[in-house]
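Right, one structure below, let's go through it.
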Amino acid sequence: MGFYVNQLNQNTNLPKNDSTIKTHLKRLILDLGLACFFPPRSSRKHNKAWLLAQTGPKLMESELHSVQSSFRFNLCSLVELEKMKKEQPLSSYRNFPVAQGSETVLLVNLENETVESTDEMNWSKALSLEKSISPVANTLVRFSYSEIITATRNFSKGRVLGRGACSYVFRGRIGIWRKELAIKRLDKEDKESPKSFCRELMIASSLHNPNIVPLLGFCIDPEQGLFLVYKYVSGGSLECFLHNKKKKGKYLPWSARYKVALGIADAIAYLHNGTEQCVVHRDIKPSNILLSSNKNPKLCDFGLASWTAAPSVPFLCKTVKGTFGYLAPEYFQHGKISDKTDVYAFGVVLLELITGRKPIEAIRPSGEENLVVWAKPSLYRGMEAIEELLDPRLTCTRKNLPSMKRMIQAASACVINEESRRPGMNEILLMLKGDEEIELRTFSSMKKSNLSGLIDCYPQLQRTKSEMKSHLALAMLGVTEFEDDDLVEKVI
Numbered sequence: 000m001g002f003y004v005n006q007l008n009q010n011t012n013l014p015k016n017d018s019t020i021k022t023h024l025k026r027l028i029l030d031l032g033l034a035c036f037f038p039p040r041s042s043r044k045h046n047k048a049w050l051l052a053q054t055g056p057k058l059m060e061s062e063l064h065s066v067q068s069s070f071r072f073n074l075c076s077l078v079e080l081e082k083m084k085k086e087q088p089l090s091s092y093r094n095f096p097v098a099q100g101s102e103t104v105l106l107v108n109l110e111n112e113t114v115e116s117t118d119e120m121n122w123s124k125a126l127s128l129e130k131s132i133s134p135v136a137n138t139l140v141r142f143s144y145s146e147i148i149t150a151t152r153n154f155s156k157g158r159v160l161g162r163g164a165c166s167y168v169f170r171g172r173i174g175i176w177r178k179e180l181a182i183k184r185l186d187k188e189d190k191e192s193p194k195s196f197c198r199e200l201m202i203a204s205s206l207h208n209p210n211i212v213p214l215l216g217f218c219i220d221p222e223q224g225l226f227l228v229y230k231y232v233s234g235g236s237l238e239c240f241l242h243n244k245k246k247k248g249k250y251l252p253w254s255a256r257y258k259v260a261l262g263i264a265d266a267i268a269y270l271h272n273g274t275e276q277c278v279v280h281r282d283i284k285p286s287n288i289l290l291s292s293n294k295n296p297k298l299c300d301f302g303l304a305s306w307t308a309a310p311s312v313p314f315l316c317k318t319v320k321g322t323f324g325y326l327a328p329e330y331f332q333h334g335k336i337s338d339k340t341d342v343y344a345f346g347v348v349l350l351e352l353i354t355g356r357k358p359i360e361a362i363r364p365s366g367e368e369n370l371v372v373w374a375k376p377s378l379y380r381g382m383e384a385i386e387e388l389l390d391p392r393l394t395c396t397r398k399n400l401p402s403m404k405r406m407i408q409a410a411s412a413c414v415i416n417e418e419s420r421r422p423g424m425n426e427i428l429l430m431l432k433g434d435e436e437i438e439l440r441t442f443s444s445m446k447k448s449n450l451s452g453l454i455d456c457y458p459q460l461q462r463t464k465s466e467m468k469s470h471l472a473l474a475m476l477g478v479t480e481f482e483d484d485d486l487v488e489k490v491i
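Using this note's numbering, you'd call the opening residue of the sequence shown number 0 and step up by one each time.
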């Protein structure tokens with residue numbers, strides 16, 4: 000056995016203490032403030048898991064054995080083995096309850112060289128993410144995990160602002176001035192989280208518009224997960240103001256609704272035409288529209304956002320993601336996505352602002368469950384049907400009449416079935432502002448598609464009862480998003 004251990008000692012390159020190179024590297028990492036991304040880890044090369052097997056003709060008296068196959072197994076590492084050798088001479092090397100006398104020692108490597116430990120996989124993912132976001136990382140604040148924990152009070156339930164399919168959003172306070180932030184925590188168990196994190200960070204960091212919630216920073220922790228830090232908007236979501244029954248007696252006046260419509264139209268037009276690359280939000284809805292204390296709207300949540308080559312250049316998605324009731328027909332039925340997908344969803348939001356109704360409500364009478372299907376006949380009658388469409392909590396006054404007319408016309412144009420005839424967001428914004436030339440042009444375009452008294456023969460109007468029930472059943476079950484892998488092929 001002594002010969003074997005000596006050979007083991009000669010053939011094994013054990014880690015050297017006080018390595019000059021390692022010391023300098025660690026100091027450099029610490030000085031650059033990157034220590035949180037480089038947690039200490041043991042060396043795979045020098046501290047492997049081994050199985051120590053010993054056998055001999057004479058085992059402990061109290062143990063049953065077979066001379067042909069008498070093994071005692073112990074798990075240890077080479078570092079531990081070397082430590083034991085230093086502490087005790089070979090003559091007294093009897094830490095393991097093995098046979099006395101002549102014996103054989105067998106070391107079996109239990110670690111597969113090609114399989115990384117969980118820590119190393121997390122380490123690798125963190126480094127990969129750092130590399131992916133490096134072009135914009137310096138424009139954002141890098142928060143430590145300890146700061147995130149402190150800000151959210153260890154992710155207290157009382158700090159939850161909302162949740163998505165694979166994330167939670169917490170309210171937090173950071174810094175001396177206790178600045179309020181919205182901290183989005185991605186599900187670390189979701190394999191798609193790193194890709195979603197990278198895409199959302201890259202897109203959100205490139206956006207600078209007064210009607211879009213700004214991304215302030217991020218946190219990457221190999222063990223605890225990924226976090227995005229946004230500015231906190233204190234007024235609550237449009238969803239709460241329109242549909243929260245707990246706020247009895249509180250509702251948005253028409254002036255505030257029109258202000259929201261203009262602000263979000265401006266934000267979406269900026270996404271489509273005001274950036275270097277067209278951004279499709281893909282999840283325009285009231286819960287993703289936040290209101291400040293003075294009711295200025297802010298578009299948020301870019302978890303599903305995608306870059307496209309240019310406005311009106313469609314792509315095909317392998318799976319559909321979004322929220323029922325806001326999905327454009329070409330997207331829901333064929334997986335085709337473009338800036339016109341957002342235009343349709345914005346049209347549904349306009350209808351909610353006008354009517355105060357949700358996009359899908361199973362409690363409504365038959366044929367009225369779907370907001371778009373119910374509203375279209377009235378929309379195309381224009382101001383004649385204003386009383387049918389208008390939220391009962393609102394009153395049509397001479398002062399509000401012009402803006403109501405513009406919003407109804409804009410909503411009618413947004414929910415046109417064929418995306419090729421659907422106006423772009425720049426045109427919708429001008430229409431909301433009262434551009435008469437745009438109004439006439441859009442009205443003329445819609446009139447060409449008038450079939451059987453309707454400007455747009457929307458297929459859902461002719462859906463069978465079974466199809467409608469299926470669509471409503473999914474919505475009633477709370478299925479708001481398809482969570483499968485996404486994406487994309489260019490439509491040629």
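Glycine residues also receive a C-beta, built at the ideal position from the N, C-alpha and C atoms.
Evaluate L400 with the Cβ neighbour count: other Cβ atoms within 10 Å of its Cβ, from every protein chain shown; 16 or more gives buried, anything less gives exposed. exposed
Cβ separation of S205 and T274, assumed to be a contact under 8 Å, to the nearest whole Å: 6 Å
Using 8 Å for Cβ pairs, my map puts F503 next to K183. What's the rounded Cβ distance? Residue 503 lies beyond the stretch modelled for the chain, which goes from 0 to 491, so this question has no answer here.
Could you tell me which residues DSSP pairs with D434 in its beta bridges? Bridge partners of D434: none, in fact.
Based on the DSSP output, what are the partners of P296 in its beta bridges? L290
Here's a check: name, in chain order, each residue in its chain whose Cβ is nearer than 6 Å to the Cβ of I437, leaving out the five neighbours to either side. E426, L429 and M430
Hey, V212 and L352: beta-carbon distance below 8 Å or not? no
Return the CA-CA distance between D189 and C165, expressed in angstroms with no decimal places. 7 Å
Using the C-alpha atoms, what's the distance from P376 back to E367? 12 Å
Which residues in the same chain as E179 place their Cβ atom closer than 8 Å to its Cβ, once the five residues preceding and following it in sequence are excluded? R170, G171, R172, Y231 and S233
Buried versus exposed, by CB contacts within 10 Å (16 or more), P252: exposed
Cβ of C197 within 8 Å of Cβ of S131? yes
With I288 and P313 assumed to form a contact (beta carbons below 8 Å), what rounded beta-carbon distance in angstroms separates them? That belief does not hold up - the Cβ atoms of I288 and P313 are roughly 25 Å apart, past 8 Å.
Could you give the distance in angstroms between the alpha-carbon of N153 and the alpha-carbon of V371? 43 Å
Once you ignore the five residues that flank R421 on each side, which residues in its own chain have a CB closer than 6 Å to its CB? K339, V342 and I415
When burial is assigned at 16 or more other CB atoms within 10 Å of the CB, is A374 buried or exposed? buried
Please classify E129: is it buried, with 16 or more other beta-carbons within 10 angstroms of its beta-carbon, or exposed? exposed
My assumption, with CB atoms under 8 Å, is that C277 sits in contact with T322. Please give the rounded CB distance. Going by Cβ atoms, the distance from C277 to T322 rounds to 21 Å, so no, they are not a contact pair.
When burial is assigned at 16 or more other CB atoms within 10 Å of the CB, is L315 buried or exposed? exposed
By DSSP, does G346 sit in helix, in strand, or in coil? helix
Kindly indicate which residue of E417, A181 and S133 has the alpha-carbon position closest to the one of S311. E417
Spatial neighbours of K294 within its chain, please: CB distance less than 8 Å, with the 5 preceding and 5 following residues excluded, ordered by chain position. G234, L251, A255, K258 and V259
Whose CA, out of N369, G355 and A410, lies closest to the CA of M382? A410
Looking at the structure shown, is R198 part of a helix, part of a strand, or coil, going by DSSP? helix
State the DSSP-derived secondary structure class of V319, mapped to helix, strand or coil. coil
Roughly how many angstroms lie between the CA atoms of R281 and S236, to the nearest whole one? 18 Å
Short of 7 Å in beta carbon distance, which residues of its chain neighbour Y167, apart from the five on each side in sequence? Order them along the chain. V159 and R184
Excluding five sequence neighbours on each side, which residues of the same chain lie with their C-beta closer than 7 Å to the C-beta of S192? C165, L185, D186 and L225
What does the alpha-carbon distance come out to for the pair Q408 and A361? 27 Å
For the stretch 192-238, list the alpha helix (DSSP H) runs that are entirely contained and at least 4 residues long, ordered along the chain. 192-203
Quick check on the DSSP output: the beta strand (DSSP E) that includes S337 runs from which residue to which? Where S337 is concerned, there is no enclosing beta strand (DSSP E), given that its DSSP letter is neither H nor E.
Quick one: residues in its chain with C-beta nearer than 6 Å to the C-beta of L326, no 5 flanking neighbours on either side, listed in chain order? none
Per DSSP, what are the beta-bridge partners of L373 in this structure? Looking at the sequence provided, one finds Trp at residue 373 rather than Leu. W373 pairs with nothing; no bridge assigned.
For a test of the three-state rule: what should DSSP assign to S166, helix, strand or coil? strand
F314, DSSP secondary structure in three states: strand
Taking all protein chains shown into account, decide if I175 is buried (16 or more other Cβ within 10 angstroms of its Cβ) or exposed. exposed
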